[in-house]
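The opening position of the sequence shown corresponds to residue 1 in the UniProt record's numbering, with each subsequent residue numbered one higher. Right, one structure below, let's go through it.
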Amino acid sequence: MKENRLDYNVIIFIILLMILTTTKMRGQRFIGDAGVTFDNSKNDINYPFMREWQKAGVEGGIPLRNTLPIKITLAPTDSKGIQDAINQVDTGGEPSVILLKEGTYTIDQPIQLKSNVILRGESKNQVVLEVIIRSNGSNNKQVITFDDVRKSGLEDLTFEYIPNKSIILYDDRNVPLNRFCGSRCFSNDPEGDKNMYVSFVRMKENSKNCWIDNCVFKNSGSDPLEIWGNHITCRNNFIDACYNKGGGGNGYYDIRGDYNLFAYEKVRRIRHFTIQQKAKYNVVTQCEIEVDVNFHNGDRGFNLVENNRITSLQWRSWGAFASGGFRYGHDKPGPNNIIFNNITKGRGNSEQFGGNDKVFVFDQYSKPRVLKNAPPSGNTFYPVVLNGNGGNNGEGCEEILEITAWQDAYLQGNASFNATSLRVEKGKRVSYLKFEIPEDIEDVTGAVLEMSVSNDSGSGLIEVYKGNSNDWTETNLSTSNKPDEMGKLGSLNTSYGVGQYYQWELSGITPGEIIALIVKQIDGNDVSFSSKEGNRPPKLVLELECEEQQESDVSQGFIEMKIFPNPTNDFLTVSGVESGETIMLYDFLGNILKSIISKGEEDRLDLSEIPSGQYVIKAIGNSLILIKE
1 MKENRLDYNV IIFIILLMIL TTTKMRGQRF IGDAGVTFDN SKNDINYPFM REWQKAGVEG
61 GIPLRNTLPI KITLAPTDSK GIQDAINQVD TGGEPSVILL KEGTYTIDQP IQLKSNVILR
121 GESKNQVVLE VIIRSNGSNN KQVITFDDVR KSGLEDLTFE YIPNKSIILY DDRNVPLNRF
181 CGSRCFSNDP EGDKNMYVSF VRMKENSKNC WIDNCVFKNS GSDPLEIWGN HITCRNNFID
241 ACYNKGGGGN GYYDIRGDYN LFAYEKVRRI RHFTIQQKAK YNVVTQCEIE VDVNFHNGDR
301 GFNLVENNRI TSLQWRSWGA FASGGFRYGH DKPGPNNIIF NNITKGRGNS EQFGGNDKVF
361 VFDQYSKPRV LKNAPPSGNT FYPVVLNGNG GNNGEGCEEI LEITAWQDAY LQGNASFNAT
421 SLRVEKGKRV SYLKFEIPED IEDVTGAVLE MSVSNDSGSG LIEVYKGNSN DWTETNLSTS
481 NKPDEMGKLG SLNTSYGVGQ YYQWELSGIT PGEIIALIVK QIDGNDVSFS SKEGNRPPKL
541 VLELECEEQQ ESDVSQGFIE MKIFPNPTND FLTVSGVESG ETIMLYDFLG NILKSIISKG
601 EEDRLDLSEI PSGQYVIKAI GNSLILIKE
């Protein structure tokens, strides 16, 4: 009986653990996703430019994977095969996917991407683009170029540069970590090979609202990434090693544009992570950077580096932060480059620039300086709200539930249209949507109707009304059975841009009801929104009450214990656990896969042998979800 009781207790423990951790999974978003919001109660009036950082990245967020149609599927081929698919795909003006099946692709010529095309791998580690393009130093080439492109992306791909011959890359894998390596590690033309000046990706200045998500860039010829456009999101990418990383602007993760977002990036064994050449309002957060963050040459300031792990050890030439030199003709960093709440380590006492008790600014040559000996009033410069638990100053408890439209169509006169767009036009076109609200949810404390403009921009006042009937469908909607207006729920008066998301705050939504919404334009130019048959379907985003004590416990765990980076590849850092406490890694069956005794401050877990998937990190009563890639 004692053994049975033990088994029973283990089962109960596992169930409770899963309930605890999935509480925070509901409605979970990641930085850069569509629908991410910000808690503006945390804005500090001493830093009025904080709001600008909220605009960084793809406007409206990276579209969710399951909302984008797959138009073409490719088997392993060469550059021409990929380019032909890009040229031939009919996007219809909407983001569309070319899916690359598992295998090796021979990249022998540069590829030009076009608007609304996403190159997506079937599996990140199994779709490998082997690059054999050759180029000397006077004529750098790029594997993928975004030239005057909108709403395009790279997802789930591995890029690897293949030289003419086997070449030893000197870096922290084969040199002493505690001694300066010099030109042996940081030079061009290794072993005399002068034909590897090839960058993996260049996003040119005229490109906007594009992204690189969950890709690997291995052994680049020169710069792995050149992000020169605006409103670009680079997220979940792994950048590792470079052949040409000597002088002359080689081996850079090169950031030059405005309003770009870099989140969950892992960068190592290249020359610099640079912010330069008029870059402004860029955000770097939740990254693991094993090179220097270098404000290299004449940025325009107002860039944010917050909540990262930045390590540049003794074998490298630079500390965690650096700049270009005046004697080399580099301009100094611009104003208000803010550095806050990073974990820093490396040459030149880099640890001094870490922590959350003071704010640093990098507006001078060489290194940052202390701007203020106190954190911002909200303890962050980037008050992003994830998991639906923000906006209430930490008081109370709310969860987020997203519901996609069940039925939608629009009327134009006596004609009904059930297509990929919902149109509204004053006196001519009215759209109707139906949502089914689940019964078994907590009370609704807030509601937002979220819609995205499809292919026709417009402007003016658009109002949302509650309909008085539900006895219609998108296939039989007519002037005789359409719902009539009961009362106005929300309104918005603005300009509506193609591809952008807009929200109407609603009221009077209750669990268990089927609600009909009427969307009509009161004044302005007509607008076309994506329907549920389109790429970005309308959604109701509901804020729900939840049990106060349970949320308090879970939130407390999130505040006390932190894991970084998340998602991760090989190593995980855990902080906020007292010395002597046990840190455990579970799978969702309750099996303990790994456990260590905390040394206090920061602990590092080797996850290289753990398969990809979702896991639970648990310590001192706190549980967090971990994604292993």
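Yeah, the Cβ is synthetic: ideal placement off N, Cα and C, and Gly gets one too. Computed from a predicted model, the values in this text were never measured in an experiment.
Asked	Found
So Pro376 and Asp44 are in contact, right, with Cβ under 8 Å, and what is the actual spacing, rounded?	4 Å
In the DSSP assignment, find the beta strand (DSSP E) that holds Arg51 and state where it starts and stops.	Unbroken run through Arg51 is the alpha helix (DSSP H), Met50 to Trp53; no beta strand (DSSP E).
Flag this pair as yes or no: are the beta carbons of Arg268 and Val291 separated by less than 8 Å?	yes
So the candidates are Ile111, Ile275 and Gly348; which of them puts its Cα closest to the Cα of Asp154?	Sequence inspection shows Leu at residue 154; the Asp mentioned does not correspond to that position. Nearest C-alpha to Leu154: Ile111.
Have a look at Tyr586, Asp603 and Ser598 and flag the residue whose alpha-carbon is nearest the alpha-carbon of Leu626.	Tyr586
Can you have a look at Lys466 and say buried or exposed, based on whether 16 or more other CB atoms are within 10 angstroms of its CB?	buried
With DSSP as the reference, label Phe351 as helix, strand or coil.	Just to set this straight, residue 351 is Glu in the shown sequence, not Phe. Note: Glu351 maps to helix in three-state DSSP.
Going straight from the alpha carbon of Leu261 to that of Ala320, what length do you get?	20 Å
Between Glu306 and Asn341, which are expected to be in contact by the criterion C-beta below 8 Å, what is the C-beta distance as a whole number of angstroms?	6 Å
Within 8 Å, do at least three Cβ pairs link the stretch 196 to 216 to the stretch 227 to 244?	yes
Can you tell me whether Ile270 is helix, strand or coil according to DSSP?	coil
On the three-state DSSP scale, how would you describe Gln521?	strand
Report yes or no: do the stretch 270 to 290 and the stretch 51 to 63 share at least 3 C-beta pairs separated by less than 8 Å?	yes
Under the three-state reduction of DSSP, which class applies to Lys80: helix, strand or coil?	helix
With distances taken between CB atoms, is the gap from Ser595 to Met584 smaller than 8 Å?	yes
Leaving out five residues on either side along the sequence, give the residues of the same chain with a beta carbon under 6 Å from the beta carbon of Gly446.	Glu543
Using 10 angstroms around the beta-carbon of Gln142, count the other beta-carbons present and answer buried if the total reaches 16, otherwise exposed.	buried
With a CB to CB cut of under 7 Å and the five nearest residues on each side skipped, what residues in its chain are close to Glu474?	Gln407, Asp408, Ala409 and Asn418
Whose CA, out of Gly487, Trp318 and Glu505, lies closest to the CA of Asn493?	Glu505
Does the stretch 31 to 48 touch the stretch 345 to 356, meaning 3 or more C-beta pairs lie closer than 8 Å?	no
Taking the straight line between their C-alpha atoms, what separation do you get for Lys124 and Gly413?	49 Å
Runs of 3 residues minimum, wholly inside the UniProt domain "Secretion system C-terminal sorting" (563 to 621): which ones carry the beta strand (DSSP E) assignment?	571 to 575, 582 to 586, 592 to 597, 602 to 606 and 613 to 619
Would you mind listing the beta strand (DSSP E) stretches within the stretch 226 to 311 that are 3+ residues and don't spill past its ends, in chain order?	233 to 235, 238 to 242, 252 to 255, 261 to 263, 266 to 268, 272 to 275, 283 to 285, 292 to 295 and 304 to 306
Taking its Cβ as the centre, do 16 or more other Cβ atoms sit within 10 Å of Glu226, making it buried, or is it exposed?	buried
Provide the residue(s) that pair with Leu542 in DSSP beta bridges, ordered along the chain.	Leu401 and Ala447
Between which two residues does the beta strand (DSSP E) harbouring Asn195 extend?	Where Asn195 is concerned, there is no enclosing beta strand (DSSP E), given that its DSSP letter is neither H nor E.
Which residue from Thr145, Tyr105 and Glu545 puts its Cα closest to that of residue 633?	What is shown of the chain runs 1 to 629, which leaves residue 633 out entirely.
Taking the CB atoms as reference points, tell me whether Ile518 and Pro483 lie closer together than 8 Å.	yes
The ligand ZN heavy atoms versus the CB of Ser457: any closer than 7 Å?	What this structure holds is no ligand at all, so the ligand ZN is not there to describe.
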